Each structure stands twice: as structure tokens, then as C-alpha cells.
Amino acid sequence: MVKRLMKYSAVLLILSMIGVAYVYFNTQGVPYAIAVAKDNFQDIIVNDQFGTCADQFVEADIPDRFTKVTENEHLELYLEEESVAIAVKDKCNGYTWFSYDVHRDMGAEGYSQEMIRYIQSGISLVTYDRFTPGRRTVLDNNVEKTYQMMDDGFTVTVDFTAQQVKFDAVVTLQGGDLLFHIPQESVEEYNPDLWKPGNNNVSMNELMIYPFFGSASHKENGYMVIPDGAGAIVNLDETPKHAAGYSAPVYGRDMGYENTSSPSRRGLSTKPLESVSLPIFGIIHEVDNMGVLVISESGSSYATYNYRARDTNTKYYQSYFAYNYRTAYSQFQSRVNEDQHVLGFQPKPNQFDLVQRYVFLNESDANYVGVAKKYRDLLEKKEGLTKNINSSYDKIPLKIDFVNSEITMGTLGEESVPVTTYDQAKELSKTLLDQGYENLNVTFKTFIPNELTYRFDVLRSLGGQEDLEEAVQFFSSNDIKFNYYVDYARSYFEKTRYSASKMNRQDLSVYNRQNNLVNYLNNPKFYTVLADKDVDQYKKNSIDSLALDGFSGSLFTHYDSGTIGSSTEGMEYTKKVMDYLHEHGIRTSMYAPDAYLYPYIDDYFDTPIHSSGLMFIDETIPLVSLVLSGFKDLYSYYMNFSPNDTDAKLRLIEFGVYPSFVLTGESTYKLKGTVSNDIYVSEYSYLEDRIDGYYNFVNEGLGKVVGSEMINHTIVDEGVVIVEYSNGKEIMINYNDLDYIYGDVQIKAKGVVIL
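Numbering (full-length UniProt numbering), first residue to last: 1 to 755.
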């Protein structure tokens, strides 16, 4: 490093004659830029030989109204006290991130004063005022802000005196991250007459945190990373592809506030949007140079992700989280007429610590791959995510779910429908082994009438205890991974003593589009109670792995015997049952788990390989796969049927996902009218060629990277991608109908090349 400085000593000497010279260092202590300041002018000299932290140095003009609060070796934090707006300078590349566009005259561009206050305000509060939502900002009249400066940041107490709502916001630097925190205990609604008759009832609805942080009118080489389904990106074009907005609750809608229409009243059915299972988004201003990952670290179950294209309500692309503290719900006044209702509100706001983390990305991390990997790093360090995949396989795994027994509504009530006996499942598994499928992952799925859900029991109609023991022993002796399908979160057809209640005291029922049935959600406090009933049976029958369903999107606020059960409590109850099962030697895999459950899963079932396909989305990306590849085995949803098999096979290869199928020993016709009525073909005799076709095609693409981590994903051209793995293999995929030439490699139409 000394030699590098000496090399530029002559330059520094000359520059010092005309002003003040500065040398900038990266996080490894290597100098990467020289700056010279004279009066208010600053020029930058950059040389790649100085180091690898930045390809170019960008000096931002931070207005004088922003004052420096603190800095560390990675970041500098600036504050505009009037608006609680911030600027964060990344020392690695010199780029400054602003919580709003400080370089434009908003008034001259035609924005109303109300909109200007919203754009510039660091925090916006949405309240119910006589049951009508209204947005407030920290720049409004009658808002008091009291600051306390700290070594690593600042705390501001924000008091909306007119609405009588106040809270503390703590903004600090932690290494290369910025942390925003609103402690639960600091949130206060101090109107003594709140909820009394005749009062205006001004109460909290939601908070929006830096909704314009990193917003941009356009960026030539930038995009937004959206956590929609598998993941998606939207380019920051000067003219948006579609001027549209998108909002989706993290981990699904809070069904405790919802009204459930009966199937007969649902009207037209449309394809539901993919869920948001990752509490993150990314803003890339320049690919491979500067970007930021934003994580809803605490309070995520009350977070809603929002995207706005430019030219919708402003001239900026936006990406931000809003946090729900209270939601109106229908309190019905008539048992038969749903039109007779009033709006209901919970007395106290939702209880949670709001923590939002900003991770600043440089160089090769400043892209959607870096967004995924940095989030994965956080899961490792803070949540205990570990690797548990088998990298010794020569072939890809294959997942088979056997539907053993189902239920239907008969003339005299519920009737069990045996579909696959234990012996049939064993024989079908033996057939699959004989066909060369070496790494089978098998699940038994049995509906238990007494519990009105999928639990464990030994049924004589399926062969009884002896046949079950023989099947389990067969799986063990042939290295077949065996799970039992269990759903502790839902019941079907009727509520049970474990069912939860909505905020309006109605049964917490949810219409399931997949099978056209109504599910009843269980109170999360009973999850461990239900598991405790089964643990001894698991041990007795050598069941040491469960395939858990129902926990995806199952966080909700509910009424519980005079108290309010929060979704954050539901999250803790779900983690508790996972810990309980693990303490008893039970491994847990899950169907489409939300991100907070990643540390608890052995395998990931129903891995998303699509986004919602909304018009404004430019590309679907394997965001979930990039987070978990190399750590967990990823399996697809059932491939028994697909509208486009060729593209589906290519998509599995691109996303690093292994195929799954559901089978029955008896005719699929028996599933008609049962909970599994959405399965249209399930007999092996009809699926044999299909399974063979999927397995061999996907194995050709993924067989050489089993157990390896997906380390890069590049969109080369429309319909052409390259996926790189940690073992050095590259997979080139061409979705187009014509051959594609990449360098000296020809990728055939609808083909794959492994390098």
C-alpha cells in the first residue's frame, strides 16, 4: 500500500498546490481514489490499480441542510432534521443514497405541497380519522421531533400532536448496514378519550418507512428486485414498460381481518397472485457497482411490500415496506345479512418491534444474485440457517407423494376413501427403484376423519400396523427418504376445538381456490399441543421426518378469549413447534415455507419457479433458489400436469429444482369429491412415461451440480440464461424456438448445454 501511495506522491504534491488532496480507502485499507477540493469544487482521480473496491468513484453533492451524524469504516450517515430524511454515503464506491431526491425542485415540477411533504418525509403515518384513512407526514404542522445524537446514529421522538400518536425511531450504522428501529414499547396513542363515544377516534393504521429511499426517475443500468413468487426484476427505464403499482403483504394476507365469502358467492375465479415469502427487496442503481438490499427484519408479518412505477403518482420508481398497526374489519350486526355491519377496530395497535435493515451492495454484489446471497448471509448469522443437503448423489433426487387415504362427504356424513395402501406404496416405490430412480424422497399423506385434517394414524383400511412397518423398513433398507405428511395449521369441512376466531369473532375460515373448499385455521397456540399428541406414535412407528403443510401464509391476527393474538405471536408459536419436533428427533421439511422458517427445514417442497407474470415485470428470477441452493434440496410442485412441459422442464433446470409427482395405487376417480379433488391424474401406469421424461431431462441438466450452490445467474438475452454453480459447472438454457449462438457454443432451441 505504501508503494502505491508513493507512486502517486508527485500527483498529490501538484494537486496540493491548488487545493486539498484526499486519499480514499476501501474496506480492506487499500486506497482507490484521490480527491482534490478547492473552494466548493471537487474533482476525482481514479485508478484501478488502487484496489478493487470500486470501478469508479462517484462524489455526491450532499446539501448543506444535511448534517453528518456519524461514520464508520464503511458508511457515513447524514440527517435532515426537519424531515427526518437521511443520506448514506458508501465509502467503498463513494456513492450516496438519499431517502428522497434532494437535487430536484419538487414545486417547479408540479407536485402539490401535500405530495412534496410525503416525498421528503422520512416517516409517514396513516391514521383512521372518523374511520377514513388519512396520510400524515413529519413535515405537517403540529408534529414535534426531538433528537438525541449517539455515537452510531440518532434517535428521534416523533410526536403527531394533533393525532396524539408518538413513537421513537432509532437510526444507526452497523458495519456496512443501516438499521431503522421503532421499539414496540415506544409506540403510544395517548388520547385519553380514544374509543369513547363521541370522540373522533383518530388511531394508527400503518407506518411507511423511507418510502422514497433509493427512488429514481430512471437508471440506464438499474432495476428493482421484487420478492414476487420466485422473484422478479423491473428495469428502471426512462419510460416504464407499464405505469403500474403492486402491493402484496409479506407472508400472505392477514386472514384475521378478512371476510370469507362462501364458494357460491365468490363470482369469477381468477388465477391468484404468487405469494411474497421473502421479507426483502432490492434496488440496483448500477449493476455490479451500487445497490441496496432492504430487509424487514422484525415486524415482517405486518409488512406490506409496495412497488410503484414512475408516472403512476410520482416521477419516481419506488420500492418500500409499509407496516400495519391496525386494520378495520367488518363487525356484523346480523347473522343472515352481511350488509348489516359496522367497522370494527382493535383497541390496541399491533405489538411488534419494527426493524428494517439496509445492506449496501458493491461491485459483484450489486445485482439480484447479491441481494439473495446477502440475505442468505443474514439468515446464517442471525437465524442459524445451516447446510443439510447430500452432495454425494450421482443423480438428482425424485419426490413422490402417495395419497393413502382421503375423505369425502357422503350421504351420512364424512366417509374415508382408501386410495393407496401401504403395500401398494411399497410396491410402486420398488418399481421406481427398478426403473433407476436411486434417490427417492417419499411421503405418505393420510386424512384422519376424527381430526378433520392430515395427521398420523395407522389405518386398517390401508393394511394395518404390519404393512406399515414393512413399508417403513423397505424405505430404510433401500435409502429412500421417508416423510409423513402432517398439517397442524388447518382443518377441513368443519371447525374444531382448535380453530381460531377472526377479529370480528367469526370462525377463521379461508376459501381454498385449489380444491374449492373452506379451510379452518387453527389457533397457533395449539400447534405444540397437537404435535405432542403424535410424538409417541412417530417414535413407535419409526417416523423421524415430517412433510409439514399449512404453515405457509398462515400468520394472522385473531381474537382469543378476550385478548388479541398477534401474527408475531403466531410466528413464535410456529417456531416453537419446530423446536419441539427437533428436540424429539423429528426432522421437518415443508411445503412453500415462508423465509422465517428456512432454518427449520430439511427440504423445501413446492419451490416457486414463476412470478405472478404481471405486465410490468421484465424478468422472473430464481431469488428463492439463490437464497437456498447449496443449503437445502428444492423440489417442485406436482408435475403430474403442466400447460407447457418443455418450458417447465427448462424452468426446473434454470431454478435448480427437482421434480415431484403425486401417485395413487387406485384410480384417480376415487379422489373426486375429496380434499384432493384438484389432482386429475395420479396412476403410475398413466404417468410412467411422464415421470421418465421429466426425470431424465432434468437430470441431464442438474445431475452434475447436485448439492452444489448456485452462485450466479445471468440473463444473456431474451429467453437465454446462464447459471453457474460452486463446483465450476455452467448451465446454458435456451427457451427460444431457434438455436442460439453464445461465443463458440451453440445452444439448441429449447435446449440445455452443460460446460
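Here a beta-carbon is modelled for each residue, glycine too, at the ideal position from N, C-alpha and C.
Computed from a predicted structure; not experimentally measured.
Just mark HIS242 as buried or exposed, buried being the case when its beta carbon has 16 or more other beta carbons within 10 Å. That one is exposed.
Quick check on ASN235: does DSSP put it in helix, strand or coil? Note: ASN235 maps to strand in three-state DSSP.
Check whether the segment 230 to 245 touches the segment 537 to 554, counting contact only when three or more Cβ pairs, one atom from each stretch, lie closer than 8 Å. Segments in contact, no.
With burial defined as no fewer than 16 other Cβ atoms inside 10 Å of the residue's Cβ, what is the status of TRP195: buried or exposed? exposed
Under the three-state reduction of DSSP, which class applies to PRO249: helix, strand or coil? strand
May I ask you to list the residues that DSSP assigns as paired with VAL721? ILE715 and ILE733
With DSSP collapsed to three states, give me the class of THR668. In the structure shown, THR668 falls within a helical segment according to DSSP collapsed to helix, strand and coil.
Can you grab the Cα-Cα spacing for the pair SER275 / ASP64, in whole Å? 43 Å
Please state whether DSSP places HIS558 in a helix, a strand or coil. Per DSSP, reduced to three states, the secondary structure at HIS558 is strand.
Following the continuous alpha helix (DSSP H) through GLY701, name the residue where it begins and the one where it ends. 684 to 702
Kindly identify the DSSP beta-bridge partner or partners of PHE160. VAL143 and VAL165
Within 10 angstroms of the Cβ of ALA749, are there 16 or more other Cβ atoms? Answer buried if so, exposed if not. It counts as exposed.
How would you label ALA108, buried or exposed, when you count the other beta carbons within 10 angstroms and need 16 or more for buried? exposed
Give me, in chain order, the residues of the same chain whose beta-carbon lies closer than 8 Å to that of TYR454; leave out the 5 immediate sequence neighbours on both sides. LYS445, THR446, PHE447, ILE448, TYR485, VAL486, ASP487 and ASP549
Is it buried or exposed for ASN644, if we count other Cβ within 10 angstroms and need 16 for buried? exposed
If you compare alpha carbons, which of GLU688, LEU702, GLY751 and ASN72 is closest to ASP394? LEU702
Going straight from the alpha carbon of TYR740 to that of LEU433, what length do you get? 37 Å
Do you know how far the Cα of ASP594 is from the Cα of VAL705? Rounded to whole angstroms, the separation of the alpha carbons of ASP594 and VAL705 is 25 Å.
What do you reckon, are the CB atoms on MET503 and GLY245 nearer than 8 Å? Going by C-beta atoms, MET503 is not nearer than 8 Å to GLY245.
In terms of alpha-carbon separation, which member of ALA230, LEU385, GLY175 and TYR223 lies closest to TYR316? TYR223
For ASN200, collect the residues of the same chain with a Cβ closer than 8 Å to its Cβ; drop the 5 residues on either side in sequence, then sort them by chain order. ASP129 and ARG130
Please say whether THR421 and ASP377 have beta carbons closer to each other than 8 Å? no
Of the residues LEU650, LYS670, SER682 and ASN677, which one's Cα is nearest the Cα of ASN736? LEU650
Identify whether PHE474 lies in helix, strand or coil by the three-state DSSP scheme. helix
Quick check on DSSP: helix, strand or coil for VAL84? coil
Bridge partners of HIS181, per DSSP? VAL170 and VAL355
Spatially closest choice to LYS374 from ASN522, GLY436, PHE641 and TYR358, by CA coordinates: TYR358
The beta strand (DSSP E) spanning VAL753 covers which residue range? 751 to 754
What span of residues does the beta strand (DSSP E) with LEU440 cover, start to end? 440 to 448
Contact under 8 Å by Cβ, GLY656 with LEU634: yes
Close-in-space but distant-in-sequence residues of the same chain around LEU452 (CB under 7 Å, 5 per side omitted): SER491, TYR492, PHE493, GLU494 and THR496
C-beta contact flag for THR304 and PHE321 at 8 Å: yes
The alpha helix (DSSP H) that contains PHE655, what's its start and end? Taken as a continuous stretch (DSSP letters only), the alpha helix (DSSP H) holding PHE655 covers 645 to 655.
Less than 8 Å between the beta carbons of THR588 and TYR598, yes or no? No. Outside cutoff.
Secondary structure of ALA547, DSSP reduced to three states: Strand.
Determine the contact status of SER509 and ASN516, defining contact as a CB-CB distance below 8 Å. Result no, Cβ atoms of SER509 and ASN516 do not sit closer than 8 Å.
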